[in-house]
Amino acid sequence: GTAAEPPASAPAGAGGKLKIALSNSFIGNQWRVEMENVFKAACAMPPYKDQVECSVFNAGNDVSTQSRQISNLISQGVDGIVINAASTSGLNGVVQQACDRGITVVSFDNTVDHPCGITVNTDQVKFGQQLAQFIVDELGGSGNVVMVTGVAGTGADNDRNKGAKEVFAANPGIKVVAEYSGMWDSATAQRVTAAQLPSLPDVDGVWVSGGTDGVIKAFADAKREMPVFGGEAENGFRKYMAGTLTPQVKGMSIGQPPYLSVVALELARAVIKKEREKGNLTIPFPVVTGSALTPGETVFPDLPDSFFADFTDSGPNAILVLCQQAATDGTPCPGATLSVKLGTP
Amino acid sequence: MRDLQDRLGYLVLAATALAYFAVYTTSLGRPPGSFDYLAILNTTMPLVLVALGQSLVVLTGGIDLSVGGVVSLCVAITAATGGAPGWIVAVVLLGALCGLVNGLVVAYGRIAPILTTLATLSVYTGAALWVLPVPGGSIVPEVRAVLSNPNVPTGLGWLALAVAGWWVLRRTRFGLRVYAVGSDETAARAVGVPVERVKATVYALSGLCSAAAAVFYVATTTAGDANAGAPFILTSIASVVVGGVAFTGGRGSAMGAVAGAVALTLVIDVLFFAGIDPLYQSLFQGLFLVVAVLLGTGAALLARRRAA
Amino acid sequence: MNRRVAYAVAVAAVVLILGAVLSPGFASWPGLRAVLIVASFTGFVAAGQMLVVLVGGIDLSIPWVLNAAAIVLTTTGLGLADRLPLALALAVGAGLLAGLVNGLGVAWLGVPAVVMTLGMNGVLQGLTLGVSQGLTCGDCGHYAPQPLRDLFAGTVPAALLVWLGAALFVTVLLTLTTFGRRVYATGANPRAAYLSGVGVKGVTVALYTLSGGFAALAGIMLVGYGGQASLGLGDPYLFESIAAVVVGGVSILGGRGDYLGVVAGSLTLVAVTTVLRAQQVPEYGRLMIYGLVILAILFAYGRERAHD
Amino acid sequence: MTVVATGVGRAFGGVQALRDASFAARPGEIHALAGENGAGKSTLIKVLCGAIRADTGTVTVEGRIATAFQELSLLPDLTVAENLLLAAPPRGRLGLVRRGRLADEAALVLSRYGATGVDPRSPARDLAVSQKQVVELVRVLAMEPDVVFLDEPTAALAEREVDWLAGHMRRLRDAGACVIFTSHRWREIERLADRVTVFRNGTDVATRERLTEEEAITLMTGRTLGATYPDISGIVPGENALTVSGLTSGRLREVSFELRRGEILGVGGLAGQGQRDLFLTLFGAGKPTAGGLSAGGSRARAVRQPRDAIRAGIAYVPEDRKAEGLLLHLSIRDNVALATLARRSRAGFIRQRAEKAAVSGIAAKLDIGAGRSTAQAAGTLSGGNQQKAVMARWLLTDADVFLLYDVTRGVDAATKHDIYHLIADLARDGKAILFYSSETEEIAGLCHRVLVLREGRIVSELRGPVGDAETIVAASIREPADA
Ligand SMILES: Nc1ncnc2c1ncn2[C@@H]1O[C@H](COP(=O)(O)OP(=O)(O)OP(=O)(O)O)[C@@H](O)[C@H]1O
Ligand SMILES: Nc1ncnc2c1ncn2[C@@H]1O[C@H](COP(=O)(O)OP(=O)(O)OP(=O)(O)O)[C@@H](O)[C@H]1O
Ligand SMILES: [Mg+2]
Ligand SMILES: [Mg+2]
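Residue numbers (the numbering used here), protein chains in the order written: chain E, 67 to 411; chain X, 1169 to 1476; chain P, 8 to 315; chain F, 10 to 492.
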C-alpha cells in the first residue's frame, strides 16, 4: 500500500492526468482503513487508472495536521481534494483557500461545512429515524429501548440521535430506559453495555449508533433475551443477523458506506472535468433487514466482526460494486471497470 | 554543556526547517512560497500558544493536561458567540480562571499537577460539550482578519507579542521565581519565594495561553468543535520536550517550547513531501520525538565529556 | 496497609453502595460481576502503570502496546485452540519487548519517560497499522480461541481469577521480594539506592518491561472478552490507567503505593461511570462529574504533605 | 530583647520536637544553640524566623531577619548570581531585571563579603558543597540583617572558611545585630559565642556565658563522655585489604596507596582537592580514566558500579545522608537492610524474620532513634540518628573496607563519640578504614596514617598518630618539595 507516493515534480495537469488527493483525518479504526483501501483500489481501476493520479494522507485525528496537509496539497497544485475531516468546522479556513485557488474540494462522511466545498454524504438524521422506526415497528409501538450513541460533540452523532429521538418521542409507548455513549467502538460499547445491563429492566429494542456487535455480545454474555437491534453495518452484527453467530438476532443494519470516498472521488473528477455541476450529493445508505443475507455480498464470514460489511453496494440500483480485496488490501478488482452511478444532480 | 540542552528546541527547529526546505524543493521543484509560510504561521499559532503556557507550568516542575479541556471550552464559547471582541476578552479571562482553578488546587490543595489537571481536563471538556454539543458556530470576519488573516501575516505580530511577553516575563521577579520554584520548591520557599502564588499564577497563565490559542483556532478554522482541544494535550507536551525544557523543572525556556511547536508542525510537512505511507506515518512521528530528544541529550553528554 | 490504600478501598465501597441504592440490580451478583470484569481490564493496565509510577516514571505507550498485542494474538492464534499457547507467547512477548525498549530508552539512554513512551506509542501504532494493513487481512477475522473466550463464562468467570492472580503476583513481588524492596528504594531516592548497590537501571528496565507485559495482558483479555481484536481497543486506557493508579493512592512522585489500592481505584472509576450512565446523565455531565469525583477523592487522600 | 520565645511547643506527627522551650537573645550578642541531634535546635530556629508555626507558646522577633537553614536552600538550576539577587535583582527601565548586570552585581557582592573563587555565572548545582555553603552565607550576610539565624553554618566548611565566617559574625554583632547559630563543634562555640543555650529533648536546659565542653556535654546528654578519641595505638594493621594504583578520575591524579586490615587511613587536605572523587571512584560510582584498585584477596574483582564494590567487600558511608544515604519516607528497616537484601533472602524472597532480627539488633547496638520502632519512616529521625542508620546499613554488610566520607558532619558530640568508638572497634575487628572528615582535627585524632591530597594528588603522607590538626593543615598548604 504505497499509493501515497506524491508525484515527483510533475506540474499540475501534466500528462493529462488529474491530481486528486484524499485527506483522511485519521486511521484509528476499521471503517477508515476500508474507506482508504477502496479509494486506493478505485484509483487503480479503470477509468480512474488512466485519468487520475491519486495520493492519500492521514492526519492522526488532529485538525492542525490535516490543515497543514491540505495547505501542502494546495502548494502541490492538485486539482481536487477529497476530505474526511477531523472536525466538521476545523477546516473551513483552509478549504476556503483551496477554493480560492480553483481546487475542487469534496468532503464526505465527516464533512466540511464551508459552502464553497461539495459534500457527499448519507442523511444522518434519516439514519437515526429509519433505525428507530424499524424498532418501533418491530415492537408494535411499545417497549423499552436503549440508545447507544457515538462520540459526543460530533455532527453525525448529534444528527443520528436527533433522528432517533424524534421517532421515539412520537411513539408514547416507547420508553427510552437508557442512553449512553459507545464511542462508535465495538469494544467500548460492549464493556459499557455489560456494566449497564444488570441495572436495566427488560430491554425490548436497542438502537446503536456504532459498535453494534459489541452491544450484542454484552447481551449474549449476560444471557439476556435478545432484543430487536437497529444498528450500523458491522460485519459482526450481520453475522448475528444471519445466524452465523448465535444467538441469531432480529435487526436492521444501516451502514455509513466506506465507498463514500470513491463516490467523492468520482464527484471530484466529474466536477473538474466539467461533466457535472457543483452540487452536494446525498446518497442512500445500504440497508439490510431480516435474515436473508448473502455471504460475500452483505456479510463476510471470514472477515473480522469489526469489518464494515457495506464497503460495496449491492442490488440492481447499486451505486458501485467492489470486490472484497478492494476493501481488505486496497488492490483493484481483477478485470473490472469501475462505474460509479451518481445519478442526476 | 547545559547551553546545548537549552538550545535543543532551536537546533531541532533548524534541522526540521532545513529538511522541510529540502523535501519541499525536491518534491515541487521550487522553494516554499509566501502561501506556505503564511499557512504554517496560521496553523501553528494555536499550538505555539498552548506550548508557551505549558512550558511555564513545566518550568515550575508541573504539567498541565487540562490544556485540552480549556482549549475545547474556549473554542466552544468563542465559536458559539461568534467571537465578538467583548466575548474574546471574556473567553481569555475564563481561560485564565480555569487555569487559576488548577493552580489553586495544585498550590493550596497540594494535589500533584498531573492529577489535578487530569481531573479538570474531564470537567472542562464536559463543559465544552455542554456549550457546543454540535460542531459549528462562527467568527466575526473582522476578528479573523486581525488574528489569522489568510492573506496578510498578521500572525507574525501576535507571535512577536508572545515572544515579547516571554521576554518581559523572564525579566520580572516573577520570571526568576518561576525558575526558583521549578529548581527546588523547598529551598525556594525557604528563601522567601511565595511558592503558592507563583504556582497559581503559572497555571492561570497557562489557561490564558490556552484561551488565546482557542481564539486563534476559531479564527483560523472559522468555526468551533467541542473536541478541538484534545490533540493539544500531547502535542504541547511534545513541543515542550523537544524545546529542551526539563520535566524536572527549572531548566529551559518557553522560547524553546515555541521552537519545538513549530518544529513539530514542520515534521508533518516533511513527512507529507517525503511521501510516507500513511499507515506508517505515526511511526516516523514517534521516532522523531525520541530521536530529537536523544540527540539533545547525546550532544550534551558529548560536550560534557569533552569539557571534563 | 497504608492509609491511602485504606481510603481507596473505602471509596470503592462507598461508590458501590451508592450505586446499589441508586439503581437496583447494581448490587446483584450479575451487576457486580459485570463491574468487576470491566474493572479488571483497567486493573491490568493500571498494574503496569503503577509499577512505572512507583519509580517516578509514566507509561504513555499503553494504548498501542495493548492494540499490538491484541492484534498479534488474533493474527497468530487464527482462532485455533491448539495455537493459543503460541499466540499468547507471541502477544505477551510483543508487549514485553515494547516495554523493554521503553525501559532501555529511559534507563540507559536517559530519554524522559514521557517522550520515550509517547514515541513508542507512535512507533507501535505505525508498525501495527502498517504490518497488519489496518486489520483488513483475512487472517485477522479469526475469533479468539475458545479457551480464551471461556475465561468470561460462568458465574464466577475465570477472568476474575486471572485478575486475582495478577494482583497476587504484583503484591507478592512488591512486598515480599528483594526486587520489590529495590523498586521502592529506587522510587524513593534513586541516587541513594544506587549507592546501596541497587541496580537502578536494571530495576527500571524490568518495570517498564512488566508494564508492557501487563498492557499486553489487558489486550489479550479484551480479545477474549470481545472475541476479536479491533483498532480502537487501547484508546480508553491511557488516562484511565493513570487515574486508577492515583485514585488507588499511589504517589505520582514515586516510592509509595501498592496494588490493592489500584484495584480499589479501578473499581471506583468503573463504578462511578456505571452509576452515572445508569442515571442517564448526559455525556457532558458525566465528564464533569467524573472529573469532580476524582478531584474530590484526591482532596480526601491524594494530597501531598504540608510544607510549613 | 530582640528575640524572645516562651513556652514554645511544636510536634511533627507523633514526634514532639519542642516542648515548653524558652529562649531569649539580645542585640549585639552571638548566641549559640547547643544540643544533641534531634534536641530541637533547628525546629526552634524555624519557629523563630517564622518558617513554621509553633503549636503553643509565644514568639517575638524584632528587626530584619535572615536565616541560613541547615538544609541548604540554594536553587540548583539558578546561577550563583540569580541565587544571590533573587530578592532584589538589579532593575532597569520599566522595573525589568537587567539580566546582563546580574553576574557583575553578584561578583561585587561576593567580593564585598570576601568570598572568592566562586563564579557567579555558574549554576549552583555545579558548586562543591563548601562553595554552596559559602554562597548561602553570603546571601544571608548581604541582607545586613538585625537578627541572623545560622543553623550549622560551618558543617560543610573547612577551617579557613570557618575563620571567614567567624569574622563576619563578629562584625555583625559589633554592629549591633543579634547572631544566633548552632554547631556540633564545641571549639567553634567556645570561640565565637557570647552566650550558649543548651537544648535537650526539645527543652532549654541552661543558658550560660561560660561553659566547659564537659559541662556542656553533660547538660546535653545527661551523661559524661570519656576521652574524645579512642586509643588506637594497640591496633596492629595486618595484611593488605585494598590496593590503589595510579587512580585518575575527575579531579584525581594518579593516586596510589595501600590500605591494610585494622588500619584507619585518613585523607586530608583542603576542601575540594578531589577527596570526594577518590571515595566515589573507589566505590565504583565514578569512572576512573586510568589506574585501578584491587580489593583484598579472593574477593577481588572489577569494580564498575557500587554493586560490584559491595560484592568485593567495600562499604561507602556518604556525607550527604539526605541525597545519597537515606530513602526518607521508607521505614528505618528498609533503609538499614537495603545493602544486604540478597543475603537475607531465599530465591528472591526476603526472609522477613531474619531481616527484622538483624535490623533490630544493629539498631539497638547503635542506639538508633532511642528505641523507636524500625517500621517508622527514616525521615522522622534526627540528623545524627539518620547518620547512624546509614552506618548501620553498612555494618550489616560485613565489608572489609569501609570508606567513611565525612560521616560526622552535622552529628552531635555524643553521637560523634559513639561513631569514633565504632570506627575503632571496626579496626580492631580487622576492617580497613579510609576516613575523610571536613574537621581535620578528627583525622588527626583518629587515624594511623594520613594521606594529604592537593589538586588531586597525594602530596604527602603522615605516619603514626598525627595528634594535631596543624600538622595536616601545614602539609596541605606547603608547596611540595619538587614543585
Ligand atoms: N519535618 C519533620 N517531620 C517529622 N519530624 C521532624 C521534622 N523536623 C524535625 N523533626 C523531629 O523533631 C526533632 C527535633 O529535630 P530538629 O531538627 O529540631 O533537631 P536538631 O536539634 O536541629 O538536630 P540536628 O542537630 O541533628 O540538626 C527530631 O526528633 C526530628 O526527628
Ligand atoms: N553533594 C553533592 N552533590 C552533587 N555533586 C557534588 C556534591 N558534592 C560535590 N559534588 C561534585 O562532585 C565533584 C567532586 O567534588 P570535590 O572534588 O569538590 O569533592 P571534595 O574534594 O570532597 O569537596 P568537598 O570537600 O567540598 O565535598 C565536583 O564536581 C562537585 O561539584
Ligand atoms: Mg538541626
Ligand atoms: Mg572536600
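All C-beta atoms in this analysis are idealised placements derived from N, C-alpha and C, irrespective of residue type, glycine included.
Worksheet item: Between Thr131/E and ligand 1, is the CB less than 7 Å from at least one heavy atom?
Response: no
Discussion item. Residues of the segment 1429–1453 of chain X in Cβ contact with chain E at a cutoff of 8 Å, in chain order, please.
Written reply: Thr1433, Ile1436, Asp1437, Phe1440, Phe1441, Gly1443, Ile1444, Asp1445, Pro1446, Leu1447, Gln1449, Ser1450, Gln1453
Worksheet item: Taking 7 Å as the cut-off, is the CB of Gln79/F close to at least one heavy atom of ligand 1?
Response: yes
Discussion item. Within 8 Å, do at least three Cβ pairs link the segment 1394–1410 of chain X to the segment 125–145 of chain E?
Written reply: yes
Worksheet item: For ligand 1, any of its heavy atoms closer than 7 Å to the Cβ of Asp128/E?
Response: no
Fill in: Contacts that Glu333/F makes with chain P (C-beta to C-beta distance below 8 Å)
Arg198, Ala199, Leu202
Fill in: Any non-hydrogen atom of ligand 1 closer than 7 Å to Asn1210/X Cβ
no
Worksheet item: Closer than 7 Å: is that where the CB of Asp421/F sits relative to any heavy atom of ligand 1?
Response: yes
Item to complete: Indicate the three-state DSSP secondary structure (helix, strand or coil) for Ala356/F in the structure shown.
Response: coil
Discussion item. Given the structure, does Gly47/F come close to ligand 1, in the sense that its CB is under 7 Å from one of the ligand's heavy atoms?
Written reply: yes
Discussion item. Going by C-alpha to C-alpha distance, which of Thr162/P, Gln132/P, Met228/P, Gln286/P sits closest to Arg40/P?
Written reply: Thr162/P
Fill in: Counted within 10 angstroms of its Cβ, other Cβ atoms place Asp213/F as buried (16 or more) or exposed
buried
Practice prompt. My understanding is that Gln56/P touches Ser248/P, with C-beta atoms under 8 Å, so please give their C-beta distance in whole angstroms.
Written response: 4 Å
Item to complete: Would you decide whether Asn124/E is buried or exposed? Buried here means 16 or more other CB atoms lie within 10 Å of its CB.
Response: buried
Worksheet item: Would you say Ser248/P faces chain E, with C-beta separation under 8 Å as the test?
Response: no
Worksheet entry | Contact list for the segment 1287–1313 of chain X against chain P, Cβ threshold 9 Å | Ala1287, Thr1288, Leu1289, Ser1290, Val1291, Tyr1292, Thr1293, Gly1294, Ala1295, Ala1296, Leu1297, Trp1298, Val1299, Pro1301
Item to complete: Can you give me the Cβ contacts of Ile44/P inside the same chain, cut-off strictly under 8 Å, excluding the 5 residues immediately before and after it?
Response: Phe159, Pro164, Ala166, Leu167, Tyr232
Discussion item. Mapping the DSSP letters down to three states, classify Leu175/P as helix, strand or coil.
Written reply: helix
Worksheet item: How is the alpha helix (DSSP H) around Asp213/F delimited, first residue to last?
Response: Per DSSP, Asp213/F belongs to no alpha helix (DSSP H); it is in the beta strand (DSSP E), 212–217.
Practice prompt. Step through the CB atoms of chain P and report whether any lies within less than 8 Å of the CB of Thr68/E.
Written response: A caution first: Thr68/E carries a pLDDT of 40, below 50, which makes its placement in the model unreliable, though a value can still be read off. With 8 Å as the cut-off, Thr68/E does not count as an interface residue toward chain P.
Practice prompt. Say whether chain F places a C-beta atom closer than 8 Å to the C-beta of Tyr14/P.
Written response: no
Worksheet item: So the alpha helix (DSSP H) Phe246/P belongs to, where does it begin and stop?
Response: 244–254
Worksheet item: Of the choices Val190/P, Ala174/P, Leu73/P, Tyr291/P, whose alpha-carbon is the least far from that of Gly261/P?
Response: Val190/P
Worksheet item: So the alpha helix (DSSP H) His426/F belongs to, where does it begin and stop?
Response: 422–437
Worksheet item: In its own chain, which residues sit with a C-beta less than 8 Å from the C-beta of Val288/P, not counting the 5 before and 5 after it?
Response: Ile296
Worksheet entry | Per-residue contacts from Gly262/P into chain F (C-beta, under 8 Å) | Leu336, His338, Leu339
Discussion item. Is Leu390/F close to ligand 1? I mean its beta-carbon at under 7 Å from any heavy atom of the ligand.
Written reply: yes
Discussion item. For a quick check, are the C-beta atoms of Gly50/P and Ala151/P less than 8 Å apart?
Written reply: no
Discussion item. For a test of your reading of the model: does the CB of Val24/F fall under 7 Å from any non-hydrogen atom of ligand 1? Yes or no.
Written reply: yes
Item to complete: Give me the Cα-Cα distance between Tyr1347/X and Leu1227/X, rounded to the nearest whole angstrom.
Response: 6 Å
Discussion item. Taking 8 Å as the threshold (C-beta atoms), are Ala112/F and Ala90/F in contact?
Written reply: yes
Practice prompt. Report yes or no: do three or more beta-carbon pairs, one from the segment 125–143 of chain P and one from the segment 63–79 of chain P, lie closer than 8 Å?
Written response: yes
Worksheet item: Between Val1461/X, Val1366/X, Ala1431/X, which lies nearest to Val1409/X when the distance is taken from Cα to Cα?
Response: Val1461/X
Discussion item. If we require 3 or more residues per run, which beta strand (DSSP E) segments fall completely within the segment 18–89 of chain F?
Written reply: 24–34, 38–44, 65–70, 74–77
Discussion item. If we define contact as Cβ-Cβ less than 8 Å, is Ala20/P a contact residue for chain E?
Written reply: no
Discussion item. Contact between the segment 328–336 of chain E and the segment 401–409 of chain E is defined here as three or more beta-carbon pairs at a separation below 8 Å; is this criterion met?
Written reply: yes
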